[in-house]
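A.B. asks:
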Amino acid sequence: MIVFDSVSKTYDGVSKALDNFSLEVIEGEILVLLGSSGSGKSTALRMINRLVEPTAGKILFEGKDLNNKDPIVLRRSIGYVVQGVGLLPHMTVEENITIVPRLLNWSREKLEIRCKELLELVRLPSSSKKKFPDELSGGQQQRVGVARALAADPSYLLMDEPFGALDAITRDILQREFLELKQRLGKTVVFVTHDIVEALVLSDRIAVLHDGRLEQIGTKNDLFENPKTDFVKSLFAKTAKQLSIFKDYL
Ligand code: ADP
Ligand code: MG
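Numbering (my numbering), first residue to last: 214 to 463.
1. Which residues mark the beginning and the end of the alpha helix (DSSP H) in which Gly351 is found?
2. Is the beta carbon of Leu331 closer than 9 Å to that of Leu370?
3. Please return the same chain residues whose Cβ sits closer than 7 Å to the Cβ of Leu236, not counting the five positions on each side in sequence.
4. Tell me whether Asp225, by its Cβ, gets closer than 8 Å to a heavy atom of the ligand ADP.
5. Give a yes or no on contact between the region 240-257 and the region 217-231, applying the rule of three or more CB pairs nearer than 8 Å.
6. Buried or exposed: which applies to Asn318, given that a residue is buried once 16 or more other Cβ atoms fall within 10 Å of its Cβ?
7. So does the region 299-308 actually touch the region 380-399, counting three or more Cβ pairs closer than 8 Å?
8. How big is the Cα-Cα spacing for Val405 and Gln455?
9. Pull up the DSSP beta-bridge partners for Tyr369, would you.
10. By the three-class DSSP mapping on this structure, what secondary structure does Asp347 have?
11. Does the distance from the CB of Leu279 to the CB of Ile272 come in under 9 Å?
12. Identify, in the order they occur along the chain, each residue of the same chain with its Cβ nearer than 6 Å to the Cβ of Ser416, setting aside the five sequence neighbours on each side.
13. Have a look at Glu411 and Gln388 and give me their C-alpha separation to the nearest angstrom.
14. Quick check on the burial criterion: 16 or more other C-beta atoms within 10 angstroms. Buried or exposed for Glu365?
15. The ligand ADP and Leu264: does the residue's C-beta get closer than 8 Å to at least one heavy atom of that ligand?
16. Answer with buried or exposed for Val403, where buried requires no fewer than 16 other C-beta atoms within 10 angstroms of its C-beta.
17. Looking only at its chain, what residues have a beta carbon closer than 6 Å to the beta carbon of Ala360, apart from the 5 residues adjacent to it on each side?
18. Is Ser250 near the ligand MG, going by C-beta to nearest heavy atom under 8 Å?
19. Does any heavy atom of the ligand ADP sit closer than 8 Å to the C-beta of His407?
20. Return yes when the Cβ of Asp373 is within less than 9 Å of the Cβ of Val294, no when it is not.
21. For the ligand MG, I want to know if Asp424 counts as a neighbour, meaning its beta carbon is within less than 8 Å of at least one of the ligand's heavy atoms.
22. Does the separation of the CB atoms of Gly377 and Asp347 fall below 9 Å?
23. Beta carbon of Gly249, beta carbon of Ser368: below 9 Å?
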């Protein structure tokens with residue numbers, strides 16, 4: 214479990230990217246951080262692997278203060294899918310996928326077996342391992358990003374708008390595959406998006422962020438049926454209205 218306890222982050226000493234932010238990430242869930250651009254989603258996510266340090270408050274990771282964990286060890290035990298793919302262009306797919314296992318000094322044989330498994334897992338042909346990122350489509354690159362995050366079999370996955378740059382059809386396919394993968398692998402996932410439909414499709418629970426503050430956290434039913442703030446109310450009311458338009462066509 215990961216616990217944010219009254220966490221704040223100030224970058225320039227004035228405006229708060231995160232403001233007294235508290236929540237718990239429960240073992241095995243997909244928790245979606247939902248909010249518009251600049252609401253503090255990436256800041257919150259990147260605190261979990263210590264790429265960003267809180268200005269105030271603390272974070273507990275499996276019961277222990279995150280500050281006491283070595284950031285390098287931590288990052289090798291948490292999968293991270295970066296906003297906008299983030300593959301290294303001069304490395305092949307195989308090299309990209311096995312970055313963390315290589316840092317962990319896995320044997321050549323073990324690396325080869327793992328690469329093959331991972332390509333199957335994210336449904337890429339085994340021939341793609343020798344290709345470079347720019348030889349792949351956006352969707353294929355994103356599959357490589359997911360494979361890389363899963364490489365050392367971490368218990369936690371952090372995903373920052375991983376499907377944001379894809380066309381709608383590819384995004385639908387990858388979302389569906391990701392849900393299947395999640396069911397099979399049983400990871401704990403913190404997933405950042407600004408897309409409310411994506412949040413509804415993927416989440417066990419949704420945390421709504423607005424101006425660095427947590428507006429509400431709950432299941433999609435909680436948020437639809439019992440919105441606690443005007444912001445959440447209008448966000449979900451608008452979506453319910455849009456979805457009801459489509460109902461007439463189904
Ligand atoms: P989101 O991921 O929801 O778009 P971010 O967490 O990236 O939001 O940013 C939250 C706020 O913090 C924004 O106002 C952003 O401009 C600011 N911010 C983020 N990173 C930095 C940084 N490295 N330096 C200064 N301000 C930053
Ligand atoms: Mg962001």
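Glycine included, each C-beta is placed from N, C-alpha and C at the ideal position.
C.D. replies: With the given structure in hand:
1. 351-363
2. no
3. Phe217, Ala420, Leu427, Ile430
4. yes
5. yes
6. exposed
7. no
8. 22 Å
9. Ile291, Thr401
10. helix
11. yes
12. Ile243, Val245
13. 8 Å
14. Contrary to the premise, residue 365 reads as Ala rather than Glu in this sequence. Its Cβ being crowded by 16 or more others within 10 Å, Ala365 is buried.
15. no
16. buried
17. Ile310, Leu331, Val335
18. yes
19. yes
20. yes
21. no
22. no
23. Per the sequence presented here, residue 249 reads as Ser, with Gly not at that position. Not closer than 9 Å, so no.
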